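K.L.:
Okay, here's the structure, questions in a sec.
Residue numbers (the UniProt record's numbering): 1 to 159.
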């Protein structure tokens, strides 16, 4: 066991980051093994638009939990690659609705079998005595009701 693992809960952020990096690295290799030129950072945006068919910047940012500026950066990147395009919202001319281009739909079709495979493998990995996905959901709910920072400041005040 290394020092970070021994640090227990104190190093949870480091351990989650380490786990995330490993999953991202392997995920990228899986796409590559299927001959799909794809960056994992695009996944949340592409998947959201695929599921919703069209979505505004605000909707996408809310769905994926990213800031407005980082969502726009990803949208511009995908637009440049001709994976996404946008049209004006009929009900609000100022609003842009993003959708997959034919090239984007083709990419999604190529990725669907990979998503199925990845879902099976990740379910197997996460299906432990203490289910990882369930634990993440529970933790995110707690943080949504009161952040890590808010909790720490509350404890500091009560000292």
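The beta carbon of each residue, even a glycine, is placed where N, CA and C say it ideally should be.
Fair warning: this is a prediction, and the values are worked out from it, not measured in the lab.
Output the boundary residues of the beta strand (DSSP E) element that contains residue 87.
P.N.:
Its beta strand (DSSP E) spans residues 84 to 88.
K.L.:
Nearest-angstrom Cα distance between residue 159 and residue 151?
P.N.:
Their Cα atoms are separated by approximately 13 Å.
K.L.:
CB-CB under 8 Å to residue 58, same chain, minus the five flanking residues each way: which ones, in chain order?
P.N.:
Excluding sequence neighbours, residue 58 sits near 68.
K.L.:
Whole angstroms are fine: how far does the CA of residue 30 sit from the CA of residue 5?
P.N.:
About 27 Å.
K.L.:
Counting only runs of 4+ residues fully inside the segment 3 to 34, write out the alpha helix (DSSP H) ranges in chain order.
P.N.:
Listed in chain order, they are 3 to 6, 12 to 33.
K.L.:
Between which two residues does the alpha helix (DSSP H) holding residue 43 run?
P.N.:
Residue 43 -> alpha helix (DSSP H) spans 43 to 52.
K.L.:
For residue 110, I'd like the list of residues in its chain whose CB is within less than 6 Å of its CB, leaving aside the five on either flank, ordered along the chain.
P.N.:
Taken in chain order, the residues that qualify are 36.
K.L.:
Can the beta-carbon of residue 61 be found closer than 8 Å to that of residue 71?
P.N.:
In this structure, residue 71 lies closer than 8 Å to residue 61 by Cβ.
K.L.:
Here's the rule I'm using: 16 or more other beta-carbon atoms within 10 Å means buried, otherwise exposed. How should residue 3 be labelled?
P.N.:
It counts as exposed.
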